[in-house]
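Engineer:
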């Protein structure tokens, strides 16, 4: 049996003492390390050695960290490597600029060892899942006939297992992703979409939140309000998920990438991450959006009680100040209303192991202006 692969982390910093500190901390956790003293060296080392993760300083001569990460993400060969920006800059603008340049995370100096360990672990896990999907799809393309069918079944099972791994870190359960699959298939059928589309969306939709694997635990499980910069990080789960799934070549992962990226977009253009409007939003994501909202309203969360079917339909069709009907594609909303009874049956048939429907005394609170009644 082959030994487990040791993850390799590239440390990029022009300060030798910082490099030695990070080497000590990372090697104590069992990781191998590479080093570079500036951005140009980092690009060369990454292209040649393909590290599993990069810790990148911002303030460096010749080429700063912002330009370095932008170049890494512009190159298809180095784009999948996750980057953590390590900086003494503590202003919100620098953090946002790092994220916009393509970095997955950032850490402030002086480093907290526990925080470093968690961020590195989560991003390495995200990279591992992305590599697995890319390799698995290459294997699928080489097979034909019965072997292809068998591998396809194994692929679906593996994807569902990965989805459960992501959901396990959140308050949701495996029943949530099963319900989502059935809702999307039924709504697509009501819309008159063909069997291939229905099959694809049933398999792709459970992957919508796989990007949460890249969100730090302290944010994902935070019961209180998000600070503005925390909300920026939380919203990156859409791009994280698309990044993982875009490496696959099957129709399921291609549609899954669209759904992961766009299922928080809104018909009126006030969603995220890209503010898409109307039919700019992929059809699968528009279907997924209303299904996800329905299930979130029906389910108990740390920041809201569960609603029954009737109250949920009322919120989606009439609005409650947070969820509004103009968030949805009008044609899909009409089809949703037409098949709403089937949604109720799906929710009952695939109920969570606990019953949160009794807690309906008050509407869900607005927490920090960002945590709302939709997932």
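In my numbering, the protein residues as written are 105 to 479. We put the beta carbon where it would ideally sit given N, CA and C, even for glycine. Every value quoted in this text rests on a predicted model; they were computed, and no experiment measured them.
#1: Where in the segment 275 to 331 do unbroken runs of the beta strand (DSSP E), each at least 3 residues long, occur, reported from the N-terminal end onward?
#2: Using DSSP's beta-bridge definition, name the partner residues of residue 210.
#3: Rounded to whole angstroms, what's the CA-CA distance from residue 173 to residue 324? Just pull it up for me.
#4: Buried or exposed for residue 449, please, with buried defined as at least 16 other CB atoms from any protein chain shown within 10 angstroms of its CB.
#5: How is residue 410 classed by DSSP in three states: helix, strand or coil?
#6: Could you have a look at residue 455 and say whether DSSP puts it in helix, strand or coil?
#7: If we ignore side chains and look at the alpha-carbon of each, how far apart do residue 437 and residue 397 end up?
#8: Could you spell out the range, first to last residue, of the alpha helix (DSSP H) harbouring residue 140?
#9: On a Cα-Cα basis, can you pick out the residue from 203, 291 and 136 that is closest to residue 187?
#10: Could you name the residues of the same chain whose beta carbon sits closer than 8 angstroms to that of residue 326, not counting the 5 residues immediately before and after it, in chain order?
#11: Roughly how many whole angstroms lie between the Cα atoms of residue 232 and residue 405?
#12: For residue 433, which residues in the same chain have their Cβ closer than 6 angstroms to its Cβ, ignoring the five residues on either side in sequence?
#13: Using 8 angstroms for Cβ pairs, my map puts residue 517 next to residue 161. What's the rounded Cβ distance?
#14: Tell me the rounded alpha-carbon separation between residue 178 and residue 286.
#15: Going by the CB atoms, is the gap between residue 137 and residue 130 shorter than 7 angstroms?
#16: Quick check on residue 374: buried or exposed, where buried means 16 or more other Cβ atoms within 10 Å of its Cβ?
#17: Using DSSP with H/G/I as helix, E/B as strand and the rest coil, what is residue 358?
#18: What are the boundary residues of the beta strand (DSSP E) that residue 157 is part of?
#19: Start and end of the beta strand (DSSP E) containing residue 115?
#20: Nearest chain D C-beta to residue 150 closer than 7 angstroms, yes or no?
#21: Which residues share a DSSP beta bridge with residue 405?
#22: Determine contact between the segment 352 to 366 and the segment 297 to 312, defined as no fewer than three beta-carbon pairs at a distance below 8 angstroms.
#23: State the CB to CB distance for the pair residue 339 and residue 377, rounded to an integer number of angstroms; the pair is presumed to be in contact (CB under 8 angstroms).
#24: Hey, would you say residue 168 sits closer than 7 angstroms to residue 111, going by beta carbons?
#25: Which residue's Cα is closest to the Cα of residue 189: 124, 381 and 199?
Structural biologist: Short version:
#1: none
#2: Translated into the one-based positions of the chain shown, residue 210 becomes position 106. Its beta-bridge partners are 189.
#3: The sequence position of residue 173 within the chain shown is 69, counting from 1. The sequence position of residue 324 within the chain shown is 220, counting from 1. Approximately 25 angstroms between the Cα atoms of the pair.
#4: Reading the chain shown from its first residue, position 345 is the one you call residue 449. Looking at its Cβ environment, which holds fewer than 16 other Cβ atoms inside 10 Å, residue 449 is exposed.
#5: Translated into the one-based positions of the chain shown, residue 410 becomes position 306. Coil, per DSSP.
#6: Position 351 of the chain shown, counted from the first residue, corresponds to residue 455. Correct three-state label for residue 455: coil.
#7: Translated into the one-based positions of the chain shown, residue 437 becomes position 333. Translated into the one-based positions of the chain shown, residue 397 becomes position 293. If you take the alpha carbons of residue 437 and residue 397, they lie about 12 angstroms apart.
#8: Taking the first residue of the chain shown as position 1, residue 140 is located at position 36. That residue, residue 140, is in no alpha helix (DSSP H); its beta strand (DSSP E) goes 136 to 140.
#9: Here residue 187 refers to the residue found at position 83 when the chain shown is read from its first residue. For the residues 203, 291 and 136, the minimum Cα distance to residue 187 belongs to 203.
#10: Residue mapping note: residue 326 aligns to position 222 of the chain shown, counting from 1. Same-chain partners within the cutoff: 334.
#11: The sequence position of residue 232 within the chain shown is 128, counting from 1. The sequence position of residue 405 within the chain shown is 301, counting from 1. So the alpha carbons of these two residues sit roughly 29 angstroms apart.
#12: Start at 1 with the first residue of the chain shown, and residue 433 comes out as number 329. Result list for residue 433: 371 and 390, in chain order.
#13: In the structure as shown, the chain starts at 105 and stops at 479, and residue 517 therefore has no counterpart that could be examined.
#14: Taking the first residue of the chain shown as 1, we reach residue 178 at position 74. Taking the first residue of the chain shown as 1, we reach residue 286 at position 182. For residue 178 and residue 286, the distance between alpha carbons rounds to 37 angstroms.
#15: Walking along the chain shown from the start, residue 130 turns up at place 26. Walking along the chain shown from the start, residue 137 turns up at place 33. Taking 7 angstroms as the Cβ cut-off, residue 130 and residue 137 qualify as a contacting pair.
#16: For the purposes of this step, residue 374 is taken as the residue at position 270 of the chain shown. Per the 10 Å Cβ criterion, exposed.
#17: On the chain shown, residue 358 is found 254 positions in, with the first residue counted as 1. Helix at residue 358.
#18: The residue labelled residue 157 in the question sits at position 53 within the chain shown. It spans 157 to 161 - the beta strand (DSSP E) in which residue 157 sits, taken as one unbroken run.
#19: If you number the chain shown from 1, residue 115 lands on position 11. That run of the beta strand (DSSP E) goes 112 to 116.
#20: Checking the listed chains, one finds no chain D in this structure; it contains a single protein chain.
#21: Here residue 405 refers to the residue found at position 301 when the chain shown is read from its first residue. BP columns for residue 405 point to 408.
#22: yes
#23: Counting from one through the chain shown, the residue named residue 339 turns up at place 235. Counting from one through the chain shown, the residue named residue 377 turns up at place 273. That belief holds up - the Cβ atoms of residue 339 and residue 377 are roughly 6 angstroms apart, short of 8 angstroms.
#24: Position 64 of the chain shown, counted from the start, is the residue given in the question as residue 168. Position 7 of the chain shown, counted from the start, is the residue given in the question as residue 111. Result no, Cβ atoms of residue 168 and residue 111 do not sit closer than 7 angstroms.
#25: Mapped onto the chain shown, residue 189 falls at position 85. Minimum Cα distance to residue 189 is reached at 199.
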